[in-house]
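S.K.: Sharing a structure with you now.
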């Protein structure tokens with residue numbers, strides 16, 4: 012995945028992700044334990060701590076990029092990484108609130124190689140647990156009782172509102188024949204960029220950073236989020252199901268107007284026009300869910316032929332560069348800056 016010329020220090024990135032998990036997970040578990048039954052066990056299942064029968068499990072809890080960024084941002088402000096833990100936990104709670112609701116709205120039956128919460132425990136529990144995690148996120152911050160906690164909460168709630176705006180835009184796009192590239196980028200900046208922007212600055216805010224520093228770190232996270240989503244859009248069509256944990260052609264099955272699709276439709280060539288004809292017919296079809304693998308493969312091939320795959324790959328590179336450039340305005344230790352860059356590199360070369 013793009014950009015191919017990046018040399019990611021895997022050991023350093025893995026250490027950052029592991030630090031985020033090890034410092035945030037105990038606080039995250041304690042927060043989830045506050046929930047009333049059965050929401051506590053449903054949450055534990057979602058996070059991969061137990062299986063569907065309630066037995067302890069060592070499930071895949073996700074990449075932990077957001078907690079890693081929150082702890083790193085505390086260090087950017089000259090504070091200890093532990094200062095960023097409440098922010099890391101709050102962001103992770105909001106992120107998982109969105110996943111629970113997204114899985115239900117999208118009809119996704121698998122996440123991280125296991126059945127989703129709504130499939131196992133029902134739609135009502137998925138909604139309730141998502142709402143509860145969002146409430147917990149604000150509790151975790153406000154219980155700190157500091158001025159910095161109030162500033163951090165304002166940034167988190169603003170990011171959450173943008174995230175929800177983005178999800179609403181994404182759903183509305185599924186029912187439209189055409190979406191512009193600008194509209195798609197705006198949606199993805201809300202849906203993915205807003206929370207990564209918050210994660211990249213919330214630890215710094217808790218560590219006492221001024222608004223200018225926090226805003227620059229937010230800019231890094233926003234553009235990193237756009238790069239992250241561009242890669243996610245590529246994986247949503249051409250990703251290996253064994254790596255992504257989702258079906259082949261998963262975004263095409265859901266009629267998502269993701270960046271490769273939108274960019275392909277915007278191109279003025281024969282493949283673009285043929286793709287537009289097929290997708291317009293798909294929107295009127297009652298048999299979409301019975302399409303064969305060959306039919307999805309044809310649409311993916313047309314997206315690539317029209318240039319959607321390459322455009323999205325280049326956009327991931329561009330957003331990565333803008334994200335890294337935003338760091339130049341922040342006065343921070345060089346080793347911290349290098350870790351921010353390493354995380355950005357990791358986001359755009361991942362395979363899941």
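Numbering (our numbering), first residue to last: 12 to 363.
C-beta: ideal position from N, C-alpha, C; glycine also.
Residue 61 bridges to which residues according to DSSP?
M.R.: Bridge partners of residue 61: 67.
S.K.: Need the endpoints of the alpha helix (DSSP H) that residue 1 sits in, please.
M.R.: The question about residue 1 has no answer, for the chain in this structure spans 12 to 363.
S.K.: For residue 121, which three-state DSSP category applies?
M.R.: If DSSP states are grouped into helix, strand and coil, residue 121 belongs with the strands.
S.K.: If we call anything under 8 Å between Cβ atoms a contact, is residue 122 one with residue 114?
M.R.: Result yes, Cβ atoms of residue 122 and residue 114 sit closer than 8 Å.
S.K.: Measuring only the C-alpha atoms, how far is residue 150 from residue 36?
M.R.: Taking the straight line joining both Cα atoms gives about 16 Å.
S.K.: So, helix, strand or coil for residue 279, using DSSP?
M.R.: In the structure shown, residue 279 sits in coil (DSSP, three-state: anything other than H, G, I, E or B).
S.K.: Reducing DSSP to helix, strand and coil, say where residue 221 ends up.
M.R.: The answer is coil: DSSP assigns residue 221 none of H, G, I, E or B.
S.K.: Taking the alpha carbon of residue 283 as the reference point, which residue from 318, 252, 261 and 253 has its own alpha carbon closest?
M.R.: When each option's Cα is compared against that of residue 283, the closest is 318.
S.K.: Got a sec, what are the start and stop residues for the alpha helix (DSSP H) residue 323 sits in?
M.R.: Where residue 323 is concerned, the enclosing alpha helix (DSSP H) stretches over 319-337.
S.K.: Where does residue 244 fall in DSSP's three states?
M.R.: Helix at residue 244.
S.K.: What three-state label does DSSP hand residue 126 in the structure shown?
M.R.: Reduced to three states, the DSSP call for residue 126 is strand.
S.K.: With a threshold of 8 Å, are at least 3 pairs of Cβ atoms found where one atom belongs to the region 77-88 and the other to the region 337-357?
M.R.: Taking 8 Å as the limit for Cβ pairs, the verdict is that the region 337-357 does touch the region 77-88.
S.K.: Using a Cβ-Cβ cutoff of less than 6 Å, which residues in the same chain neighbour residue 262 once the five nearest sequence positions on both sides are dropped?
M.R.: These residues qualify, in order along the chain: 247, 248 and 269.
S.K.: Out of curiosity, what's the CA-to-CA distance linking residue 73 and residue 219?
M.R.: Roughly 29 Å separates the two Cα atoms.
S.K.: Is there contact here, the region 135-153 with the region 50-57, by at least three beta-carbon pairs under 8 Å?
M.R.: Contact holds: three or more Cβ-Cβ distances are below 8 Å.
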